[in-house]
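In the numbering used here, the protein residues as written are 581 to 743.
Beta carbons are placed, not taken as given, at the ideal position from N, Cα and C, and that holds for glycine.
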């Protein structure tokens, strides 16, 4: 199972959307405190819709506890500061993909010690960053693609007409 890690997320709607994406993708969500919202907030539930109850989610009081409870985890860190593009790495089926808080990303003190596992999403010119929910979906689905969308529905007849 691929894991999405949000380090100190600030916006409940982003976390809700990412939670819904995790449910659809069969991924686990890890939330590292402090959070910029309460897990009972309406905005969080609204963005995750009725999927939040199906989400496999763990919370941690801080970055240190996350590492203590996930020893040996292979962690890719998504950041605009990376040299590697997110498609240039091979994601393991049980890897962790970490994203930082919306206002600042993952602290450079963490990134500098993990350079080889940092990945970026290419963007045009002066764009500072993408929305956190979009970024998580982009990288998560690349990891799923590389792993053959294991266990996921890849074909189906979703319409009343045959194509």
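**OP:** Go through its chain and collect everything with a Cβ distance to residue 611's Cβ below 6 Å, but skip five positions before and after it.
**Re:** So the list reads 586, 639, once near-sequence residues are dropped.
Original post:
What's the C-alpha gap between residue 613 and residue 689?
Top reply: 17 Å
Subject >> Closest by C-alpha distance to residue 588, when choosing among 686, 699, 727 >> reply: 686
Original post:
Using CA coordinates, which residue listed in 622, 699, 710, 678 is at the minimum distance from residue 661?
Top reply: 699
Original post:
Is the segment 661-671 close to the segment 631-645, with three or more CB pairs under 8 Å?
Top reply: no
**OP:** Tell me whether residue 594 is buried or exposed, calling it buried when 16 or more other Cβ atoms sit within 10 Å of its Cβ.
**Re:** buried
Subject >> Limits of the unbroken alpha helix (DSSP H) element including residue 638 >> reply: It is not in any alpha helix (DSSP H) - residue 638 instead sits in the beta strand (DSSP E) that spans 637-640.
Original post:
When the Cα of residue 631 is compared with those of 584, 596, 727, which residue comes out closest?
Top reply: 596
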